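Reviewing the structure listed below.
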Amino acid sequence: MLGFAAKTRLVIDQVRGMGAEQALAVLRHMHQSAAQPVAKTIASALANAEENLGLSREDMIVASITADGAPLRRWRRYGARGGSSRLFVVHRTLPWS
Numbered sequence: 104m105l106g107f108a109a110k111t112r113l114v115i116d117q118v119r120g121m122g123a124e125q126a127l128a129v130l131r132h133m134h135q136s137a138a139q140p141v142a143k144t145i146a147s148a149l150a151n152a153e154e155n156l157g158l159s160r161e162d163m164i165v166a167s168i169t170a171d172g173a174p175l176r177r178w179r180r181y182g183a184r185g186g187s188s189r190l191f192v193v194h195r196t197l198p199w200s
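For the sequence shown, the working numbering begins at 104 and goes up steadily by one.
Below, the structure written as structure tokens:
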């Protein structure tokens, strides 16, 4: 997921412990930019649990959800007349990869 971990934590703290369907309904009405990617992640986890494990959507809850900061790679790009600008690349890993 793209975005800042601190802003994403504000969104996921709202849905932790809720039923999965209720969490999706809450996320659908949130105005934060991190709400849509979190909702897509939860919907994907629901679909995987239904398809692979045969679980029911109504019985699932959001028991554990985290947003951790990813390592940053920092370097400088040098420009004309001795100037430079900093570039940041964020590397994220998914827990299942």
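Where a beta carbon is used, it is the ideal one built from N, C-alpha and C, also for glycine. Note that the structure is a prediction, hence the values are computed from the model and not measured.
Ala137 vs Lys110 beta-carbon contact at 8 angstroms: As a position in the sequence shown, residue 137 is number 34, starting the count at 1. As a position in the sequence shown, residue 110 is number 7, starting the count at 1. Yes, these two residues count as a Cβ contact at 8 angstroms.
Inter-residue CB distance, Gln135 and Leu158 (contact presumed, cutoff 8 angstroms): Locating residue 135 in the sequence shown gives position 32, counting from the first residue. Locating residue 158 in the sequence shown gives position 55, counting from the first residue. Not a contact, Cβ separation roughly 28 angstroms.
Proximity winner among Ala123, Leu130 and Ala128, relative to Glu153 (alpha-carbon distances): In the sequence shown, residue 153 corresponds to position 50, counting from 1. Here the closest residue by C-alpha is Ala123.
Per-residue burial, Ala142 [other beta carbons within 10 Å of its own, 16 or more giving buried]: Within the sequence shown, the letter at position 39 stands for residue 142. Burial call: buried.
Helix, strand or coil at Ser200 [DSSP, three-state]: As a working note, residue 200 is residue 97 in the sequence shown. Note on Ser200: pLDDT 44, under 50, position unreliable in the model; no value is reported.
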